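All residue numbers for the sequence shown refer to this note's numbering, where the first residue is 16 and numbers rise by one.
Worksheet: one structure, shown below.
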Amino acid sequence: MLKTLLMKRRDFVVCAPVLLFAARPSARWLEIARRFADTLLACGLDRLGTKATPAWAGVIDSRSWTVPVADVPPPPGIRPHDRALGGANLYHDAVTLRVFHALSRRTGDRRYRRAADDYMRWFLAACPHPATGLLAWGEHLYYDFTRDAAAAERRHHEFLEWTPPWDLLWALDARAVAAAIAGLRYHHFEDRPGSLYNRHAWYDRPEHQPATGSQPWIRHAGHFAHAFAFLHAKTGEPRWRQWALGDASIYWTRRHPRTGLTESCIGDPRPSSRLASAQMALLAYWLRKAGVLLPDQPLLGESARALIRAWEQYGWNAQAGGWRKAVHVDGTPAGDELDSPWEFAYGGGALLPYGRMAACFAALDGDGVMLDAARRVALLARRTPFPEGASLQGLGIALNLALDLHALDAGGAWLQDAERYARMAVEMFWREDRARGLFVRVPGDPYYEAKTGAGDVAAGLLRLDGELAGRRLSGDWTL
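As structure tokens, this is what we get:
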């Protein structure tokens with residue numbers, strides 16, 4: 016049934032049409048995913064500058080179905096300078112690009128795949144810097160529609176928590192992708208595999224980073240190792256294998272000899288940087304994916320399994336029934352604070368992604384310990400009330416975790432969880448008007464913002480539609 020839900024936020028009140036469903040609305044999930052894609056193409060393409068492009072806007076106002084360029088407050092937990100307001104950041108669309116490909120496979124409508132490929136092809140032509148090969152995407156950079164150029168004043172290239180869609184990009188422009196991955200060497204202090212690095216690199220300066228003041232956060236080593244492994248797998252060039260193994264070794268060789276734990280940021284003077292955290296799992300996750308790309312290098316898989324197992328052993332607080340935010344590398348607790356499943360903000364939001372990473376290890380390795388960890392994350396989310404004003408991103412990841420577990424453990428009522436999260440996402444976050452519809456950032460908010468996980472929700476809806484229809488969706492749906 017269609018019902019109007021009155022929603023309030025700061026200084027305005029909006030009436031948003033919200034769909035409430037019967038018990039098993041299987042066909043509706045595909046319809047919503049498709050309407051989301053149609054709206055992005057109808058209302059979100061770049062028409063603001065002097066040159067129209069096939070790029071998808073990072074922010075859309077669902078009241079006017081237009082692309083704003085200013086005066087949009089950041090959503091909770093997101094820094095103003097990490098957004099693509101009035102422009103596009105393809106990294107924020109990494110999951111949505113896969114959704115568009117899957118929609119074409121599911122519906123037979125080639126428009127979606129063509130739109131995704133046009134966007135990626137344009138991005139690989141317009142957004143690399145000619146001096147470094149690095150792409151204008153990630154934590155800080157984006158392409159500004161009004162200026163018809165990358166916002167180079169943001170300065171720094173840095174990866175996010177999603178895996179870059181290297182495979183989709185490579186199929187369209189292998190040369191640009193090879194240059195972008197080769198440019199990751201500029202993150203390092205020197206042009207040598209295994210050298211320390213900064214999480215930031217200058218987008219427009221082909222220079223290695225100074226050791227002073229650099230922050231080599233742990234997860235970035237995994238990102239770099241995975242990217243170099245991808246490039247070696249595609250080209251066969253031995254130097255990229257050496258770069259992959261070099262980055263994989265940086266934190267592996269600095270583990271505590273008894274616990275296997277490692278600090279979160281080598282050389283950073285802040286006490287919190289010397290603690291072990293769920294960032295270890297992110298390193299492990301990308302090392303495991305690098306191991307899939309380089310099956311002749313078993314140490315990648317072995318080190319990945321050891322790292323994530325170490326975090327599971329010492330991060331889990333059995334007495335409290337949750338995961339600690341951090342522990343000392345000797346395994347002793349660093350306070351009593353536990354990670355919350357629905358907390359998504361800069362520097363936080365690690366628990367539900369950890370569940371999905373654990374499920375990935377369970378799928379790849381038949382690892383019962385990791386399967387149990389994924390179950391416990393999902394059960395914690397199931398029994399933890401969804402907070403008022405929480406982000407869309409948490410529901411998207413919880414929905415996909417439930418579907419990951421349904422594929423691994425069909426007896427766990429995970430499909431019912433997935434349906435519940437899908438209904439919550441639509442009832443609280445979906446705004447539609449006639450043929451248009453988008454997911455907004457938080458309940459009562461009029462803005463779609465790609466960075467806040469709409470692509471994760473759309474992917475979950477497509478996957479759920481497939482499960483309910485008895486036709487599991489193919490493709491890579493990991494983080």
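Cβ coordinates follow ideal geometry from the N, Cα and C atoms, glycine included.
Only a predicted model underlies this, so the values are computations on that prediction, with no experimental measurement involved.
Reduced DSSP secondary structure (H/G/I, E/B, other) of residue i
i: Met-16; result: Because the pLDDT at Met-16 is just 32, under 50, the model does not fix this residue reliably, and the value given afterwards should be weighed accordingly. Correct three-state label for Met-16: coil.
i: Ala-291; result: strand
i: Phe-454; result: strand
i: Arg-446; result: strand
i: Thr-54; result: helix
i: Val-344; result: coil
i: Gly-411; result: helix
i: Pro-225; result: coil
i: Ala-165; result: strand
i: Ile-281; result: coil
i: Asp-311; result: coil
Own chain residues within Cβ distance below 7 angstroms of residue i, not counting five before or after
i: Phe-444; result: Leu-407, Phe-454, Val-455 and Pro-458
i: Pro-368; result: Glu-176, Ile-412 and Leu-494
i: Ala-38; result: The predicted model places Ala-38 with a pLDDT of 39, which falls under 50 and marks its position as unreliable; any figure quoted below should be read in that light. If we look at Ala-38 and ignore the five residues flanking it on each side, it has no Cβ neighbours.
i: Gly-59; result: Trp-71, Ala-72, Ile-75 and Val-82
i: Phe-36; result: At Phe-36, the pLDDT of 41 sits below 50, so the modelled position is not reliable; the number obtained from the coordinates is stated separately. Closer than 7 angstroms at Cβ, skipping near neighbours: Arg-43 and Arg-438.
i: Pro-402; result: Trp-357
i: Leu-315; result: Ala-263, Leu-302, Ala-305, Gly-306 and Leu-309
i: Trp-185; result: Val-192 and Lys-249
i: Pro-89; result: Pro-95 and Arg-98
Nearest-angstrom Cα separation, counted from residue j out to residue i
i: Arg-269; j: Ala-321; result: 13 angstroms
i: Arg-121; j: Arg-128; result: 11 angstroms
i: Arg-126; j: Ser-119; result: 7 angstroms
i: Gln-431; j: Asp-419; result: 13 angstroms
i: Asp-471; j: Arg-214; result: 25 angstroms
i: Gln-257; j: Trp-267; result: 15 angstroms
i: Pro-208; j: Val-87; result: 42 angstroms
i: Leu-149; j: Ala-425; result: 43 angstroms
i: Pro-83; j: Leu-139; result: 24 angstroms
i: Ala-57; j: Pro-69; result: 11 angstroms
i: Ala-165; j: Lys-466; result: 17 angstroms
i: Ala-191; j: Pro-143; result: 8 angstroms
i: Asp-380; j: Trp-301; result: 15 angstroms
i: Arg-303; j: Lys-66; result: 41 angstroms
i: Gly-427; j: Arg-285; result: 42 angstroms
i: Glu-317; j: Ala-85; result: 48 angstroms
i: Ala-99; j: Val-110; result: 16 angstroms
i: Thr-497; j: Ala-167; result: Absent from the structure is residue 497, since the part of the chain shown begins at 16 and ends at 494.
i: Arg-339; j: Thr-347; result: 11 angstroms
i: Ala-103; j: Ala-242; result: 22 angstroms
i: Gly-475; j: Ile-265; result: 35 angstroms
i: Ala-130; j: His-107; result: 16 angstroms
i: Ala-335; j: Asp-53; result: 45 angstroms
Cβ-based neighbour list, residue i, same chain, cut-off 8 angstroms, excluding 5 preceding and 5 following
i: Arg-50; result: Glu-447, Ala-450, Arg-451 and Gly-452
i: Ala-146; result: Asp-219, Arg-220 and Pro-221
i: Arg-371; result: Ala-389, Ile-412, Asn-415, Leu-416, Asp-419, Thr-493 and Leu-494
Same chain, Cβ closer than 6 angstroms to residue i, neighbours up to 5 away in sequence not counted
i: Arg-169; result: His-155 and Leu-156
i: Ser-292; result: Ser-279 and Ala-341
i: Arg-78; result: Pro-461
i: Ala-296; result: Ile-323, Trp-326, Tyr-369 and Met-372
i: Ala-510; result: Since the displayed the chain opens at 16 and closes at 494, residue 510 lies outside it and no answer follows.
i: Ala-349; result: Leu-290, Ala-341, Val-342 and His-343
i: Trp-429; result: Ala-417, Leu-420 and His-421
i: Arg-486; result: none
CB contact check: residue i to chain C, cutoff 8 angstroms
i: Pro-208; result: The displayed structure is made up of one protein chain only, and chain C is not part of it.
8 angstroms Cβ cutoff met for residue i and residue j
i: Glu-327; j: Val-392; result: no
i: Ala-193; j: Ala-259; result: no
i: Ala-240; j: Asp-206; result: no
i: Leu-477; j: Val-114; result: yes
i: Leu-15; j: Ala-377; result: Because the chain is modelled from 16 through 494, residue 15 falls outside the range shown and cannot be assessed.
i: Ile-281; j: Leu-211; result: yes
i: Ala-248; j: Leu-308; result: yes
i: Pro-180; j: Leu-112; result: yes
i: Phe-204; j: His-235; result: no
i: Val-441; j: Ile-196; result: no
i: Arg-136; j: Leu-105; result: no
i: Gly-337; j: Leu-395; result: yes
i: Tyr-361; j: Ile-93; result: yes
Whole-angstrom C-beta distance between residue j and residue i, which should lie under 8 angstroms
i: Asp-61; j: Phe-160; result: 5 angstroms
i: Asp-480; j: Leu-45; result: 4 angstroms
i: Leu-410; j: Tyr-329; result: The Cβ separation is near 29 angstroms, so there is no contact.
i: Asp-163; j: Gly-64; result: 4 angstroms
i: His-238; j: Asp-345; result: About 27 angstroms; that fails the 8 angstroms criterion.
i: Gly-404; j: Pro-91; result: 7 angstroms
i: Phe-174; j: Gly-198; result: Wrong, their Cβ atoms sit about 12 angstroms apart, outside the cutoff.
i: Asn-332; j: Leu-298; result: That pair is no contact at about 21 angstroms.
i: Leu-488; j: Ala-117; result: 6 angstroms
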